[in-house]
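In what follows, a structure is listed as structure tokens, so that the remarks can point back to it.
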Amino acid sequence: MSNLKKLEKYFPLVDFWGEVCGPSYEILIHDVSEPNHSIVKIVNNHISQREVGSPLTDLAMNLIETQEYKTKSHVANYLGKTKEGRHLVASTFFIKENGELIGLLCVNHDTHAIQDIFDDLEIFIENHALYPKPDKAKYQENFDNNINDHMFEIVDKEINGSSVAPDRMTTSEKKAIISKLNDYGVFAVRGMIPYIAKQLCTSEPTIYRYLREVKTR
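Add 43 to the 1-based position in the sequence shown for the numbering used here, that's all there is to it.
Next comes the structure, spelled out in structure tokens:
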């Protein structure tokens, strides 16, 4: 027996959301009692080229057969694909009456326009080295006029980037960090020794000793 009369009260909702969301959203209702010609209402059908009287999809059939509707009110944001191969982000709301499934309210978002923008933006970002790929990251330049601040940032990055907290580091681990920092030339900056000593939870004389040992290797 058709559920059409029961589902008609949802038709204005389809029209409403179709207008609110715009032409990139296809919104429709399936009558699950008529699987071979289940669509009873649809807007923006240019997306899938379906129309009233088109059948249930394979996923819709699977949702009914597995009775997911008994434990869920909806399933959201899964991937769909039109017969032309266009990818959609789809969601389905289970329309129930007295616990029994009578229909499916489906929303299919055609994201190709967003994907095109994303692809163009990705190319722009890569070409302009905002976030270059590894093979294009060889040359980088820092336009910060305060080189001292940059040196302190290097120290923070090296120490905070370690997998071991400073107060738990071994002597060899601390020496390894001192060696790296020496290679960067950070010790030419005034006030660096006490700053590093504090960051590594050790004394200034110890930092001087590590530095001497590193330089004599």
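We put the CB at the ideal spot given by N, CA and C, even for glycine.
Where the alpha helix (DSSP H) containing residue i begins and where it ends
i      : result
Ile236 : Met235 to Gln242
Ala119 : That residue, Ala119, is in no alpha helix (DSSP H); its beta strand (DSSP E) goes His117 to Lys124.
Glu216 : Thr214 to Tyr227
Close-in-space but distant-in-sequence residues of the same chain around residue i (CB under 6 Å, 5 per side omitted)
i      : result
Tyr112 : Phe137 and Leu144
Asp210 : Cys244
Lys218 : Tyr253
Sequence-distant residues of the same chain with beta carbon closer than 8 Å to residue i, five excluded per side
i      : result
Leu56  : Leu148
Val132 : Asn120, Tyr121, Leu122, Gly123, Asn151, His152 and Thr154
Val198 : Leu224, Val229, Met235, Tyr238, Ile239 and Gln242
Pro248 : none
Ser45  : Asp74, Ser76 and Glu77
Ile221 : Ile239, Ile250, Tyr253, Leu254 and Val257
Thr125 : Ile90, Ser91, Gln92 and Leu131
Simplified DSSP assignment, three categories, for residue i
i      : result
Val140 : For the sequence presented, residue 140 should be read as Glu rather than Val. If DSSP states are grouped into helix, strand and coil, Glu140 belongs with the strands.
Leu164 : helix
Asn105 : helix
Arg252 : helix
Glu111 : helix
Val257 : helix
Leu47  : helix
Residue(s) in a DSSP beta bridge with residue i
i      : result
Ser246 : Ser246 is not bridged to any residue.
Thr135 : Val118 and Cys149
His130 : Lys124
Residues of its chain near residue i, where Cβ-Cβ distance is below 7 Å and the 5 sequence neighbours each way are ignored
i      : result
Asp58  : Val86
Leu99  : His73, Pro78 and Ser81
Arg252 : none
Leu47  : Asp74 and Val83
Check your understanding: What are the start and end residues of each continuous beta strand (DSSP E) run of 3 or more residues lying completely inside the stretch 51 to 92, in chain order?
Key -> Entirely contained in the stretch 51 to 92, the beta strand (DSSP E) runs reaching 3 residues are, in chain order, 68 to 74 and 82 to 86.
**Study point:** Secondary structure, beta strand (DSSP E): runs of 3+ residues fully inside the stretch 186 to 212
**Key:** The stretch 186 to 212 contains no whole beta strand (DSSP E) run of 3 or more residues.
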